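First up is the structure itself, then whatever we jot down about it.
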Amino acid sequence: MRYARRYAHPVTMPTVPSHGNEAAERLASMADVTASDGALRRFLHGLPGVDPVGLEARAAALGTRSIKTTAKAYAIDLAISMIDLTTLEGADTPGKVRALCAKALNPDPTDRETPRTAAICVYPDMVATAAEALRGSDVKVASVATAFPAGRAALPVKLADTADAVAAGADEIDMVIDRGAFLAGRYLSVFEEIKAVKEACRRQDGTAARLKVIFETGELSTYDNIRRASWLGMLAGADFIKTSTGKVAVNATPANTLLMLEAVRDFRATTGVQVGVKPAGGIRTTKDAMKFLVLVNETVGEEWLSNEWFRFGASSLLNDLLMQRQKLSTGRYSGPDYVTVD
Amino acid sequence: MAFEYAPAPESRAVVDIAPSYGLFIDGEFREASDGKVFKTVSPSTEEVLSEVAQASAEDVDAAVKAARKAFEKWSALPGAERAKYLFRIARIIQERSRELAVLETLDNGKPIKETRDADLPLVAAHFFYYAGWADKLDHAGFGANPRPLGVAGQVIPWNFPLLMLAWKIAPALAAGNTVVLKPAETTPLSALFFADICRQAGLPKGVVNILTGDGSTGAALVAHDGIDKVAFTGSTGVGKQIARTVAGTDKKLTLELGGKGANIVFDDAPIDQAVEGIVNGIFFNQGQVCCAGSRLLVQESIQDELLDALKRRMSTLRVGDPLDKNTDVGAINSAEQLARITALADSGEAEGAERWAPACELPGAGYWFAPTLFTNVTQAHRIAREEIFGPVLSVLTFRTPAEAVAKANNSQYGLSAGIWTEKGSRMLAVASKLRAGVVWANTFNKFDPTSPFGGFKESGFGREGGRHGLEAYLDV
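Chains A and B, in that order, are what the protein sequence lines are.
The numbering of the first sequence is the working numbering, which starts it at 1 and goes up by one.
The numbering of the second sequence is the working numbering, which starts it at 1 and goes up by one.
In structure tokens, the structure reads:
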């Protein structure tokens, strides 16, 4: 028996326009909160606090949802379609990137109806290779930029890094914020930098790459900081807010992702602007992915349940999803040699 | 396409319910002396689960005599020996926890998520905790070699059948008493399974006796001359009757009665977690919790924001089959309780409060009540004063911390309260002024065997849990 054909690949689902006229007006009406460092600080510190025990308890409670049979089939296909299949290594080569692109286009060679992943995520110098390999498909090319992962470079360097990636064909840019500036309390500087990167995402034809803003939540360390960073990033024009680079000890967790989901929910209620969420790093199993999808489902609901608004930054997750998918359709577990390793 | 969760029912096959059960007296199951029985049903389906004996006054007498006989040897055992039995019981409860969770869900109607993740772990933890005290009574702060009271008559409610049994039996046995316990009429099964666990643990005969029955059995038990101690958890009305019954005798008495807990949310609260705490405070166990946060006191300046968030959250509650692992809110325990909740909720509407409930489909059979919110409630409304014991939240507002404290304390009850604020100094200042036995800060409905629990005013007296809980079972 085959599951979930009709759910496959929701890339083309209708979505809420991210910046309608009314939303633009409402956003403009919030301009005063970013008018000065002091105003921005007062706004960010005026956001409701986060009780860590309560937040983690809620995330853990949602983690006990039991996702079975048809629900599991739906969630597995949805999760596959939400993956930004990632390789961010010093050893990346055109061959490695092309292999990953082939995997994104055809995740399970034994079942051509398996959804494709949302995107491939690579370093800027690999964008051209990825764009070439993915040409004509709806799999996007995402590129990290802004001196990823530390972000320790001068602004012109970061902007050039971004512009290069966009020029090479990146559909999406994953930038890192300046955590040093954030932790030093220089919120306006972080805000201005995100705005400048957003500007650098523009193409000559007037379109723009979608901007994902990485907070490196493991370095921001407190949940209050993560909520503040979320609002800061969204006010500056983030299309997505993303937990982490995957390069530090603590990456995406159910709790920090839940908190960011609450932030995008509240931001849309306030401004009318919908922003996506991307947990990244450390999500390796189908079981983990199910938990994150439950968080989305019960915090922001259906409107975020497509790869337009939710992504997984992951690499090994895909094969586990494929093995579980095969298990659902055949009733048997296969094994790691029945999925492709690139 | 919405993400709908497929049914995920916990298997009933793990529990084997017999068609009938007798009374557990002196280590043996036996029929009631007059042969009377009554049925126990599953509140979520009205299916008859089993038939249990209705204990008569004669049976009460037999049970008390058995407990008296067992007391001599049990109380003379070294504490470490009593501890062995309690540790053994605790371990068996852990081993059989899935079976007991399913059983409790069937008999009570509460979601399997709660019996699995709250009731059963707490039951085992309670036995482990008091097992640890059994050989350390000299160090409990009641002087050297404190003596047990004798035979305890214990009457427990239907909202946490096995957990309330644990709260009563574990400290009593640790201190060297023997017990006669009567579970609630609508939820007798887990206590009968516990009787089996006592046998499995090799507990000496007569140390624990279980009498099923209705209110008349309970009345006969607390009135019996042969008991030295009465412990009751239940309604304030019955508690008062019991207090009258034992007045003038030398029986020691502890009462854990009703409540109308205030959950106070200040404008600097962590809003998302406060919403979770409010939901947990009133919808945990369908609101059938004596320490439920049934009055929400919200600072007027954040009322709209908070209520919007609360309604949004309530809309995600999953009401239905208690055995489904994804169910958040199960069935009301009995038709009688459902009628009481319905009547009080109707009075709220009649008195002008505004009623709201999320759209949710309730099952056809069984006893169900949708999670409900009342706004525009004042201290003058019945739903602000009387215990509803159901999933019904009354929302009141306040302007200043002083007003919040005054309103929270303005109740005949004083069992629980909650405070939500990010400001530590306010948390401590308000907590010290609240006349409630338990005050939770930035959380609600958290239980632990090490923490004493009990009430002020008409919520009762005496403490259960912690070192304090030993005092109720020692001659001090």
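Glycine included, each C-beta is placed from N, C-alpha and C at the ideal position.
Please read these numbers as outputs of a predicted model, since none were measured by experiment.
- prompt: What does a CB cutoff of less than 6 Å around A:A167 pick up in its chain, not counting 5 residues either side in sequence?
  reply: none
field: Cutoff 6 Å; reference A:G246; Cβ partners in own chain excluding five residues on either side
entry: A280, G281
field: Collapsed DSSP secondary structure at B:Q303 in the structure displayed
entry: Annotated three-state conformation of B:Q303 is helix, per DSSP.
message: Quick check on the DSSP output: what are the complete beta strand (DSSP E) runs of length 3 or more inside the region 227 to 287 of chain B, in order along the chain?
response: Scanning the region 227 to 287 of chain B from its first residue to its last, the whole beta strand (DSSP E) runs of 3-plus residues come out as 229 to 233, 252 to 256, 262 to 265.
message: Within a Cβ cutoff of 6 Å, which residues of the same chain sit near A:D108, ignoring the five residues on either side of it in sequence?
response: T114, L322
- prompt: Touch check for the region 205 to 221 of chain A and the region 155 to 171 of chain A: three-plus C-beta pairs under 8 Å?
  reply: yes
query: Beta-carbon separation of A:I76 and A:Q324 under 8 Å?
result: yes
task: Pick helix, strand or coil for B:Q154, following the three-state DSSP scheme.
output: strand
query: For B:H468, which three-state DSSP category applies?
result: In this structure, B:H468 counts as helix in the three-state DSSP scheme.
message: Suppose the cutoff is 6 Å on Cβ atoms and the five residues either side in sequence are ignored; what does the same chain contact list for B:F29 look like?
response: The answer, listed in chain order, is G22.
- request: Mind listing the chain A neighbours of B:D119? Cutoff is C-beta to C-beta under 8 Å, in chain order.
  value: Within 8 Å Cβ-Cβ: nothing; B:D119 doesn't reach chain A, min ~15 Å.
- request: Give a yes or no on whether 8 Å exceeds the smallest Cβ distance from B:F3 to chain A.
  value: yes
query: Is the CB of B:I271 under 8 Å away from at least one CB in chain A?
result: At least one chain A Cβ lies under 8 Å of B:I271.
- request: At 9 Å on the CB atoms, spell out the chain B contacts of A:R65, in chain order.
  value: Y5, A8, K325, N326
Cβ neighbour criterion (16 or more within 10 Å) applied to A:A131: Classification of A:A131: buried, given that the 10 Å Cβ count is 16 or more.
message: So B:T443 contacts chain A; which residues on that side make the cut at Cβ distance below 9 Å?
response: D51, V53, G54, A57
Under 7 Å by beta carbon: chain A residues contacting B:T316: E298
message: Tell me which residues of the region 270 to 290 of chain B have at least one Cβ-Cβ distance to chain A shorter than 7 Å, keeping chain order.
response: P270, I271, D272, Q273, E276, G277
- request: To the nearest angstrom, report how far apart B:E387 and A:N307 are at their CA atoms.
  value: 47 Å
field: Spatially closest choice to B:E308 from B:A357, B:G287, B:T217, B:L106, by CA coordinates
entry: Note that residue 308 of chain B is Asp in the sequence shown here, rather than Glu. Of the candidates B:A357, B:G287, B:T217, B:L106, the one whose C-alpha sits nearest the C-alpha of B:D308 is B:A357.
field: CB-CB length for B:A404 against B:L297, believed under 8 Å
entry: 5 Å
field: For B:G364, the nearest candidate out of B:N409, B:D321, B:V52 (CA to CA)
entry: B:D321
query: Hey, does B:E422 have any beta-carbon neighbour from chain A nearer than 8 Å?
result: yes
field: Collapsed DSSP secondary structure at A:I194 in the structure displayed
entry: helix
query: How many whole angstroms separate the CB atoms of A:A236 and A:S244, which I take to be in contact at a CB cut-off of 8 Å?
result: The pair is not a contact, with the Cβ atoms about 19 Å apart (cut-off 8 Å).
- prompt: Is B:L474 buried or exposed, if buried means 16 or more other CB atoms sit within 10 Å of its CB?
  reply: Result: buried.
- request: Identify every residue that forms a DSSP beta bridge with A:M175.
  value: A:A145, A:V213
- request: Evaluate B:H381 with the Cβ neighbour count: other Cβ atoms within 10 Å of its Cβ, from every protein chain shown; 16 or more gives buried, anything less gives exposed.
  value: buried
- request: Grab the span of the beta strand (DSSP E) containing A:K103 for me, first residue to last.
  value: A:K103 -> not in any beta strand (DSSP E); alpha helix (DSSP H) instead, spanning 94 to 105.
field: Element boundaries [beta strand (DSSP E), containing B:E354]
entry: 354 to 356
field: Positions along the region 100 to 131 of chain B whose CB lies within less than 8 Å of some CB in chain A
entry: Residues K113, D117.
- request: Determine the DSSP secondary structure at B:W420, reduced to helix, strand or coil.
  value: strand
- request: Report all residues from its chain with a CB closer than 6 Å to the CB of B:S42; omit the five preceding and five following residues, and keep chain order.
  value: L49, L106
query: Residues of chain B with a CB under 8 Å from the CB of A:L293: which are they?
result: F3
message: Check whether chain B comes within 8 Å of A:P48, counting only Cβ atoms and requiring the distance to be less than that.
response: yes
- prompt: Quick one, are the C-beta atoms of B:A3 and A:L293 less than 8 Å apart?
  reply: Note on identity: in this sequence residue 3 of chain B is Phe, with Ala being the wrong assignment. It is a contact, given that the beta carbons lie within the stated cut-off.
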